[in-house]
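**Student:**
Residue numbers (the working numbering): 148 to 397.
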């Protein structure tokens, strides 16, 4: 029996409840799992998920303490978030393989998932994702007000002391596992028109995204020329087309 086209529920994964929304039906192709940026949640994908659901089943969800999900007592680092996501997928009976789509910090999480569980992943799409050396290489060239705003954001995800340190620990975790993807298909989508970026900053951002090509022997990079950081809103066809490319080769 086919499932409803849309299904919302809160899923208990032990220490907290996760808000989930599934679009589309199981047609035998990989399920698309979408992970939002730092402090962001499922609303980042609501405009694009129905279009993807025409091709395959899609899951969007809120990480712990965000959106409609309750707070988790687990440390807010990518390794814990990956454990929680994997448990969630089991509770929802969504079996691998998966296509992961990660925006910004969500790209860090899905990279780590794919590194730890490569046999469960049919492909990765990194949407203007955070490079692991962002703080060391990129942040220093930005204006002081940008740096201050960046540092102040680390109150949004979780209510723990040391949230900034946990974010940096996540970047270190994905750096440690960087060479583990091997031949997983990876598509890197890069925003080409980011607000407040000088030509120097835009050039460095592109260069750092190009460096992600060595994550896999099966990787490609696509520039979204008229997009800011949220490519899925500014030029959603780039995300949809990337998913369709991986589906066609799955």
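All C-beta atoms, glycine included, are put in the ideal place defined by N, C-alpha and C.
Relative to the alpha-carbon of residue 208, which residue among 187, 199, 227, 220 has its alpha-carbon at the smallest distance?
**Tutor:** The sequence position of residue 208 within the chain shown is 61, counting from 1. Minimum Cα distance to residue 208 is reached at 187.
**Student:** Look up residue 154 in the DSSP assignment and give the residues it is bridged to.
**Tutor:** As a first step, residue 154 is located in the chain shown; it is residue number 7 there, counting from the start. In DSSP, residue 154 forms a bridge with 169.
**Student:** Got a sec, what are the start and stop residues for the alpha helix (DSSP H) residue 229 sits in?
**Tutor:** By one-based count along the chain shown, residue 229 stands at place 82. Run containing residue 229: 225–238, per the alpha helix (DSSP H) assignment.
**Student:** Per DSSP, residue 159 is paired with what?
**Tutor:** Your numbering for residue 159 matches position 12 in the chain shown. Answer by DSSP bridge pairing, in chain order: 164.
**Student:** DSSP three-state call for residue 218: helix, strand or coil?
**Tutor:** Residue numbering aside, residue 218 sits at position 71 when the chain shown is read from its first letter. Three-state DSSP puts residue 218 in coil, outside helix and strand.
**Student:** Please report how far the alpha carbon of residue 283 lies from the alpha carbon of residue 296, in whole angstroms.
**Tutor:** Locating residue 283 in the chain shown gives position 136, where the first residue counts as 1. Locating residue 296 in the chain shown gives position 149, where the first residue counts as 1. The alpha-carbon of residue 283 is positioned some 16 Å away from that of residue 296.
**Student:** Can you give me the start and stop residues for the alpha helix (DSSP H) that residue 296 sits inside?
**Tutor:** Position 149 of the chain shown holds residue 296. Residues 291–299.
**Student:** By the 10 Å Cβ neighbour count, where 16 or more other Cβ atoms means buried, how is residue 154 classified, buried or exposed?
**Tutor:** Mapped onto the chain shown, residue 154 falls at position 7. With fewer than 16 other Cβ atoms within 10 Å, it is exposed.
**Student:** Spell out a yes or no on whether the segment 184–199 and the segment 245–252 are touching, meaning 3 or more CB-CB pairs, one atom from each, closer than 8 Å.
**Tutor:** yes
**Student:** In three-state DSSP terms, what is residue 348?
**Tutor:** Looking up residue 348 in the chain shown gives position 201. Looking at residue 348 - three-state DSSP - the assignment turns out to be helix.
**Student:** From the DSSP secondary-structure annotation, give me the bridge partner or partners of residue 247.
**Tutor:** Along the chain shown, read from residue 1 onward, the residue named residue 247 stands at position 100. In the DSSP assignment, residue 247 is bridged to 180, 271.
**Student:** Starting from the C-beta of residue 348, find all residues in its chain whose C-beta is less than 7 Å away, skip the five residues before and the five after it, and write them out in chain order.
**Tutor:** Residue numbering aside, residue 348 sits at position 201 when the chain shown is read from its first letter. For residue 348, where only same-chain residues beyond five positions count, the Cβ hits under 7 Å are 288, 289.
**Student:** What's the call for residue 204, buried or exposed, on a 16-neighbour Cβ count within 10 Å?
**Tutor:** Taking the chain shown and counting its residues from 1, the one referred to as residue 204 is at position 57. Answer is buried; the Cβ neighbour count reaches 16.
**Student:** Determine the extent of the alpha helix (DSSP H) in which residue 389 is found, giving its start and end residues.
**Tutor:** Counting from 1 along the chain shown, the entry for residue 389 is found at position 242. Its alpha helix (DSSP H) spans residues 383–395.
**Student:** Where does residue 211 fall in DSSP's three states?
**Tutor:** Residue mapping note: residue 211 aligns to position 64 of the chain shown, counting from 1. Coil at residue 211, not helix or strand.
**Student:** In this structure, what does DSSP give as the bridge partners for residue 206?
**Tutor:** Residue numbering aside, residue 206 sits at position 59 when the chain shown is read from its first letter. 169, 180, per the DSSP bridge assignment.
**Student:** Any chance the segment 349–358 sits against the segment 157–177, with 3 or more Cβ pairs inside 8 Å?
**Tutor:** The segment 349–358 makes no contact with the segment 157–177; the number of CB pairs closer than 8 Å stays below 3.
**Student:** Closer than 8 Å, CB to CB, is residue 368 near chain D or not?
**Tutor:** Of the chains in the structure shown, none is chain D; there is only one protein chain.
**Student:** Between the segment 259–278 and the segment 226–241, do at least 3 Cβ pairs fall closer than 8 Å?
**Tutor:** A contact exists between the segment 259–278 and the segment 226–241.
**Student:** Alpha carbon to alpha carbon, what distance is there between residue 345 and residue 160?
**Tutor:** In the chain shown, the residue the question calls residue 160 occupies position 13. In the chain shown, the residue the question calls residue 345 occupies position 198. Approximately 44 Å, taken between the alpha carbons.
**Student:** Using only the alpha-carbon positions, how far apart do residue 169 and residue 312 sit?
**Tutor:** The residue given as residue 169 occupies position 22 in the chain shown. The residue given as residue 312 occupies position 165 in the chain shown. Answer to the nearest angstrom: the Cα atoms are 33 Å apart.
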